[in-house]
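Written out below as structure tokens is the structure these notes cover.
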Ligand code: G1P
């Protein structure tokens, strides 16, 4: 969005406000926003979301043409311009032969159907998958400690139900739960990847938007509010939200999901253009996906049709790419402190791969070292 447009938006807003003899604080109060937010907009330093702009417009009692001018300056298309295009579309539909018409109507209903469904749905649940091989090496107490930061984030985000995805036969973690939280468990029988772990929670999550926390990414300090901020973005844009962060070294490309971002929606919030799971070749740009997601329920349909990768795992990132064809997805750039267990995990995986199965004692020894390393890590955080 050009700075010039934002400046124009600021000037227009100030003129309309003065015309009504309102101070910034009075306008802010009428619109239910903060006074500093009004100041930022008037200075051309911030682009309001459509919801915020609409609130300001309502508080200002504008004419139709003034509303259009404000919307355009804010980079939004005035309704009055969209409606004629919709009626054109409807006329074009009427001219099509019936089978094509029906097909288009179906497609269109599917595309806009989720808006109707999601309009009133709030996120209540968080899925936390811990069915990988590392959690299996831990005792219930250690698993409980590992989960503690994730549960705190959940409570901070105001969610009240946790769905743990556990490996079969796995001990249930000993959890010290914040009072408001309820926990349910789902068992992932075959180990078919993160996407599969999410897919099998469909029955418990239902057709509702939900959050996902991967406890391998530990968010510290202010960062513990990441999910809470992502939920606010979901409420505003009604689309899936991913957390992303900068790439630290070339190895990040092959170790994480990579997001290419497009248009900016807000400070630190962008639309996702394309995603790739751990790309080994090709373009070296983009940001890495952090293990925090808010997902619309349509992800379940996408997961159903996601082709497994070369390791026969269903990747959440691949399903998100499928979802991207139907819905927009936004990305929240996480800039706070982040501690990632992934590089350690990769080292351990490489170590285990180099071991020879004909030497079970060495394998046993390596597993023991791995277990101790993991336990030491958890003790550090406890
Ligand atoms: C998963 C996701 C990946 C993401 C990462 C974050 O990978 O598939 O896109 O970047 O979590 O930690 P995993 O760590 O399960 O290999």
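In our numbering, the protein residues as written are 449 to 830.
Every residue gets a Cβ at the ideal spot worked out from N, C-alpha and C, and that includes glycine.
Everything numeric in this text was worked out from a predicted model, so none of it was measured.
Same chain, Cβ closer than 6 Å to residue i, five either side skipped, listed in chain order
i: residue 486; result: 472, 475 and 476
i: residue 626; result: 603
i: residue 676; result: 604 and 605
i: residue 644; result: 762
i: residue 811; result: 803
i: residue 796; result: 818
i: residue 750; result: 767, 770 and 771
Residue i Cβ short of 7 Å to the ligand G1P heavy atom set
i: residue 453; result: no
i: residue 664; result: yes
i: residue 488; result: no
i: residue 725; result: yes
i: residue 720; result: no
i: residue 781; result: no
i: residue 689; result: no
i: residue 755; result: no
i: residue 524; result: no
i: residue 798; result: no
i: residue 847; result: With the chain covering only 449 through 830, there is no way to say anything about residue 847.
i: residue 704; result: yes
i: residue 477; result: no
i: residue 697; result: no
i: residue 471; result: no
i: residue 737; result: yes
i: residue 765; result: yes
i: residue 642; result: yes
i: residue 790; result: yes
Presumed contact (8 Å Cβ cut-off) between residue i and residue j, rounded CB distance
i: residue 780; j: residue 695; result: About 16 Å; that fails the 8 Å criterion.
i: residue 739; j: residue 721; result: So it is not a contact: roughly 21 Å between Cβ atoms.
i: residue 612; j: residue 578; result: 6 Å
i: residue 481; j: residue 503; result: 6 Å
i: residue 622; j: residue 588; result: 5 Å
i: residue 479; j: residue 507; result: 4 Å
i: residue 664; j: residue 793; result: 7 Å
i: residue 778; j: residue 717; result: 6 Å
i: residue 518; j: residue 595; result: Not confirmed; about 47 Å, so no contact.
i: residue 659; j: residue 789; result: Going by Cβ atoms, the distance from residue 659 to residue 789 rounds to 19 Å, so no, they are not a contact pair.
i: residue 682; j: residue 742; result: 5 Å
Beta-carbon contacts of residue i that lie in its chain and below 8 Å, excluding the five residues immediately before and after
i: residue 640; result: 756, 760, 761 and 762
i: residue 693; result: 735, 736, 738, 781, 782, 783 and 786
i: residue 524; result: 498 and 501
i: residue 727; result: 701, 702 and 706
i: residue 752; result: 647
i: residue 754; result: 643, 762, 763, 766, 767 and 770
i: residue 600; result: 626 and 672
Contacts around residue i, its chain only, beta-carbon distance under 7 Å, and the 5 residues preceding and following it disregarded
i: residue 745; result: 655, 656 and 657
i: residue 684; result: 497 and 499
i: residue 562; result: 744, 746 and 775
i: residue 522; result: 457, 495, 496 and 501
i: residue 608; result: 572, 628, 629 and 630
i: residue 616; result: 635 and 637
i: residue 454; result: 492 and 495
i: residue 568; result: none
i: residue 566; result: 657, 686 and 744
i: residue 673; result: 604
i: residue 464; result: 508, 510 and 514
i: residue 748; result: 647 and 650
TODO: Report the residue ranges of all alpha helix (DSSP H) runs contained in full by the segment 568-655; include only those spanning at least 4 residues, in chain order.
DONE: 581-584, 588-604, 642-647 and 650-653
- [ ] Report the residue ranges of all beta strand (DSSP E) runs contained in full by the segment 687-734; include only those spanning at least 3 residues, in chain order.
- [x] 688-693, 705-714 and 717-725
Open item on the list: I'd like the ranges of any alpha helix (DSSP H) spanning at least 4 consecutive residues and lying wholly in the segment 735-823.
Closed with: 746-752, 764-771 and 790-802
Task: Runs of alpha helix (DSSP H) wholly within the segment 473-533 (minimum 4 residues, chain order) - done: 483-490, 498-508 and 512-521
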